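Line by line, the protein sequences give chains A and B. If you read the first sequence in the numbering used here, its first letter stands for residue 17, the second for the next number, and so on. If you read the second sequence in the numbering used here, its first letter stands for residue 75, the second for the next number, and so on. Quick reminder that beta carbons are idealized off the backbone N, C-alpha and C, glycines included. Quantities reported herein were computed from a predicted structural model and do not represent experimental measurements. Heads up, the thing below is written out as structure tokens.
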Amino acid sequence: AQSVAQPEDQVNVAEGNPLTVKCTYSVSGNPYLFWYVQYPNRGLQFLLKYITGDNLVKGSYGFEAEFNKSQTSFHLKKPSALVSDSALYFCAVRDTNAGKSTFGDGTTLTVKP
Amino acid sequence: EAQVTQNPRYLITVTGKKLTVTCSQNMNHEYMSWYRQDPGLGLRQIYYSMNVEVTDKGDVPEGYKVSRKEKRNFPLILESPSPNQTSLYFCASSPMASDTQYFGPGTRLTVL
């Protein structure tokens, strides 16, 4: 069975500082990994994905994520946080053949001015 | 505009009264899925559909039914809702099972 862990319920950073939101996964076969963001009272929006290729993936709004196969991790990063980045972030893994999609419990990011 | 729509957006009902939440996408996507979001539990997959007439259980299918009679629609049916089905529900679609998912705006359901 596949699984996703987001070990931090909450991440707090100061505006302008770098941020990291952690994600580890477990899946049989090659992973398809995603990050989504949810703003208050909104649906989920896609940020970035790793399918294959370069381990460093760049996405929307200046976010990036690094795929680390040996550590089974896919941490979300941004060099300089903005107050507007404050939201709920979800990591997800997809089973490429069977159609199942598993999300982490989410990490609330708060960026303070 | 490419989108996933859900109706209703808000619903308050009583235990045992059958209800249907509709989901429609206009992107000609093969894959569709339903999730529920509960505080501290993230999104949990209820059912998914790889294409028309093919559906399968996700992680929390108990108490729910789905059908996929045409590509664009994927309704979620609660035959006899119970209070533990009070949740925020999201429908999503993607071109294929391995692709990025596009989410609807959500349906907040309260079962009294």
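Using only the alpha-carbon positions, how far apart do P23(A) and R58(A) sit?
If you number the first sequence from 1, residue 23(A) lands on position 7. If you number the first sequence from 1, residue 58(A) lands on position 42. About 23 Å.
Can you tell which of Y105(A), V109(A), Y77(A), S100(A) has its C-alpha closest to the C-alpha of T88(A)?
Within the first sequence, numbered from 1, the residue matching residue 88(A) stands at position 72. The candidate whose alpha carbon is nearest that of T88(A) is V109(A).
List the residues of chain A that M124(B) touches, going by C-beta distances under 8 Å, in chain order.
Reading the second sequence from its first residue, position 50 is the one you call residue 124(B). Correct list: G115.
Comparing C-alpha positions only, which one of H91(A), S86(A), P56(A), L60(A) sits nearest to V73(A)?
Numbered from 1 along the first sequence, position 57 holds the residue referred to as residue 73(A). It is H91(A) whose Cα lies nearest to the Cα of V73(A).
Cβ atoms of P155(B) and V185(B): under 9 Å apart, would you say?
In the second sequence, residue 185(B) corresponds to position 111, counting from 1. In the second sequence, residue 155(B) corresponds to position 81, counting from 1. Closer than 9 Å, so yes.
Between which two residues does the beta strand (DSSP E) carrying I67(A) extend?
In the first sequence, the residue the question calls residue 67(A) occupies position 51. That residue, I67(A), is in no beta strand (DSSP E); it is neither H nor E in DSSP.
Between the alpha carbons of Y105(B) and I86(B), how many angstroms are there, rounded?
Within the second sequence, numbered from 1, the residue matching residue 105(B) stands at position 31. Within the second sequence, numbered from 1, the residue matching residue 86(B) stands at position 12. C-alpha separation (whole angstroms): 29 Å.
CA-CA distance, Q99(B) and W51(A)?
What you label residue 99(B) is simply residue 25 of the second sequence in a count that begins at 1. What you label residue 51(A) is simply residue 35 of the first sequence in a count that begins at 1. The straight-line gap from Cα to Cα measures roughly 22 Å.
Count the C-beta pairs between the stretch 104 to 124 of chain A and the stretch 37 to 45 of chain A that are closer than 8 Å, then say yes if the count reaches three, no if not.
They touch, by the three-pair rule.
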